[in-house]
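Going by this note's numbering, the first residue of the sequence shown is number 1, and it counts up by one from there.
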Amino acid sequence: VLDLGSGAGFDCFLAANAVGSDGTVIGVDMTPEMIDKARANARKGGYSNVDFRLGELEHLPVADNTVDVIISNCVINL
């Protein structure tokens, strides 16, 4: 699962629970502060199947054809 505009990771954690230990969730956000917060939240929650990456939607830090589902919730282009 790829979450575009992942923020603090809330939707990533919901997706991580849905995919279970066999799945992976990638969260992409454009702000280093939110990536740091999401990573801290993942550590606190014990989510080992979530990876947060700094990047912009126009230039995703994700290889082509590597995800099955893309989600994006409440993303505002600033």
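Glycine included, each C-beta is placed from N, C-alpha and C at the ideal position.
The model shown is predicted, which means the values in this text are computed figures rather than measured ones.
Are residue i and residue j touching if we call contact CB-CB under 9 Å?
| i | j | result |
| --- | --- | --- |
| Val75 | Gly55 | no |
| Lys37 | Gly5 | no |
| Leu57 | Met30 | yes |
| Asp11 | Asn73 | yes |
From residue i to residue j, what does the alpha carbon distance come to, in whole angstroms?
| i | j | result |
| --- | --- | --- |
| Val50 | Arg43 | 10 Å |
| Ile70 | Val25 | 10 Å |
| Asp3 | Asp22 | 17 Å |
Helix, strand or coil: which one does DSSP assign to residue i?
| i | result |
| --- | --- |
| Ile35 | helix |
| Val62 | coil |
| Val69 | coil |
Looking at C-alpha atoms only, which residue of the options is the closest neighbour of residue i?
| i | options | result |
| --- | --- | --- |
| Ala40 | Thr24, Phe52 and Ala63 | Phe52 |
| Gly20 | Leu60, Ala63, Gly9 and Ser48 | Ser48 |
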